[in-house]
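S.K.:
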Amino acid sequence: MLQEILNPTLYHGFRKKKNFFEGWYFKVSTANHDRTIVFIPGIAKGKDETEQHSFIQVLDSKTQLNRYLKYDATSFQVEKNPFALRVGKNKFSMERLFVDIKSKNLSVKGELFFHKLLAWPSTTLNPGSMGYFNYLTFMECYSHVNALDGSLSGKLLIDGEEIDFTNGKFYSEKNWGKSFPSAYIWVQSNYFEDETISLSASVGKIPFGKFRFTGFLTALVVGKMVYRFTTMNHSKMKVTDHGVNFDLTFSNSKYELLIKTEIDEQDYITCLGPRLGEMNMKVLESLASKAEITLTKRKTKEVVISSKTTALAVERMGDLSTL
5 MLQEILNPTL
15 YHGFRKKKNF
25 FEGWYFKVST
35 ANHDRTIVFI
45 PGIAKGKDET
55 EQHSFIQVLD
65 SKTQLNRYLK
75 YDATSFQVEK
85 NPFALRVGKN
95 KFSMERLFVD
105 IKSKNLSVKG
115 ELFFHKLLAW
125 PSTTLNPGSM
135 GYFNYLTFME
145 CYSHVNALDG
155 SLSGKLLIDG
165 EEIDFTNGKF
175 YSEKNWGKSF
185 PSAYIWVQSN
195 YFEDETISLS
205 ASVGKIPFGK
215 FRFTGFLTAL
225 VVGKMVYRFT
235 TMNHSKMKVT
245 DHGVNFDLTF
255 SNSKYELLIK
265 TEIDEQDYIT
275 CLGPRLGEMN
285 MKVLESLASK
295 AEITLTKRKT
305 KEVVISSKTT
315 ALAVERMGDL
325 STL
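Going by the working numbering, the letters in the sequence shown line up with residues 5 to 327, in that order.
1) By how many angstroms is the C-alpha of residue 57 removed from the C-alpha of residue 78?
2) Where residue 265 and residue 54 are concerned, what is the direct C-alpha to C-alpha distance, given to the nearest angstrom?
3) Hey, which unbroken runs of the beta strand (DSSP E) at 3 residues or more fall wholly within the region 171 to 207?
4) I want to see whether chain D comes within less than 8 Å of residue 174, judged by CB atoms only; does it?
5) So for residue 123, helix, strand or coil by DSSP?
6) What is the DSSP secondary structure of residue 77, counted as helix, strand or coil?
7) Quick check on residue 325: buried or exposed, where buried means 16 or more other Cβ atoms within 10 Å of its Cβ?
8) State the beta-bridge partners of residue 83 as determined by DSSP.
9) Could you give the distance in angstroms between the alpha-carbon of residue 277 and the alpha-carbon of residue 285?
10) Which of the three DSSP states is assigned to residue 72 in this structure?
11) Please list the terminal residues of the continuous alpha helix (DSSP H) segment that includes residue 9.
12) Just to confirm the assignment: which complete beta strand (DSSP E) runs, minimum length 3, are found wholly within the region 218 to 243?
13) Are there 16 or more other CB atoms within 10 angstroms of the CB of residue 109, so buried, or fewer, so exposed?
14) Could you check if residue 174 is buried or exposed, using at least 16 other CB atoms within 10 Å of its CB as the buried criterion?
15) With a threshold of 16 other CB atoms inside 10 Å of the CB of residue 61, please say whether the residue is buried or exposed.
16) Would you kindly check if the distance between the Cβ of residue 283 and the Cβ of residue 184 is under 8 Å?
17) Closest to residue 226 by CA distance: which of 171, 327, 311 and 187 is it?
18) Across which residues does DSSP place residue 263 in a beta bridge pair?
19) I believe residue 327 touches residue 297 by the beta-carbon criterion, under 8 Å. Please report the beta-carbon distance rounded to the nearest angstrom.
20) Run through DSSP, which three-state label would residue 280 get?
21) Cβ-heavy atom distance between residue 24 and the ligand ADP below 7 Å?
22) Assign residue 115 to one of three DSSP states: helix, strand, or coil.
23) If we count Cβ pairs, one from each stretch, closer than 8 Å, do we get three or more for the region 78 to 93 versus the region 153 to 169?
24) For residue 177, does the count of other Cβ atoms within 10 angstroms reach 16, so buried, or fall short, so exposed?
25) In terms of residue numbering, what span does the beta strand (DSSP E) encompassing residue 17 cover?
26) Nearest by alpha-carbon distance to residue 67: which of 295, 313 and 290 is it?
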């Protein structure tokens, strides 16, 4: 148990028999960002032990489709040291992924290698992106950023088309627990005008015993600097809902980060998320939205960095007014 707490990338479900899910998110993009593919391997355990299966979801920015591939639960295998995950013939780790998918509607085969991974800063007291919350055993959902940024090499053959991902970008995170939050926002990009920038930000309504609170995990990478705005380090957060679009404002004692989104609803892909361990929640995700970010010093209002992206990944769920 302690090993999984200190290394949240590892599998947490060995002792979970029902009402549990765990999924890893691997996002790979070509060097010129004309193609982004997301692989989400995982395990779903429903209300009884007969309602279990493993899965791989595949999202494609070009076709704007999600393929949910269902496997027997016994096809799901994990290794601890080093971490590796298998679903059928497919293998995922923090060094590479190998996929061999053949279904009625999708064919993917190939191998990609990950380089120069940038991990979320972690300590024993605050392991991973959720920090000390990882030590609590009763929370509904946990989240962890495996790699804020990274580069790629290798090729994939997708439905007969060979795609070279060499010099492209890599991002990875994971979630586990019972259910996704009833309301949440997630945005991520490592393709900005300033190539040194990577961003990952999530805000959710989190059950905590009989109460609920708004929790958030945000990291902005600018060159060698990592600016963190989280519930754990006592930062503040504000959501401004404009209907389709929204603004996120994060602040700590020194800095303020403003994220202004520009989203086309037609870019959303419908995928599946967990509810009580069953993958039956419809989640909308865009892989090609726009945003402008501005980081300023609070005291002097000096702009530290301002940059735009046309490759923002976005998920939005529920009533934002509750956040």
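Every residue, glycine too, gets a C-beta built ideally from N, C-alpha and C.
M.R.: This is what the structure gives:
1) 8 Å
2) 42 Å
3) 173 to 181 and 188 to 193
4) The displayed structure is made up of one protein chain only, and chain D is not part of it.
5) coil
6) helix
7) exposed
8) 88
9) 5 Å
10) strand
11) 6 to 10
12) 229 to 234
13) exposed
14) buried
15) buried
16) no
17) 311
18) 252 and 297
19) That pair is no contact at about 19 Å.
20) coil
21) Looking for the ligand ADP in the displayed structure turns up nothing, as the structure carries no ligands at all.
22) strand
23) no
24) buried
25) From DSSP, residue 17 is part of no beta strand (DSSP E); its letter is neither H nor E.
26) 290
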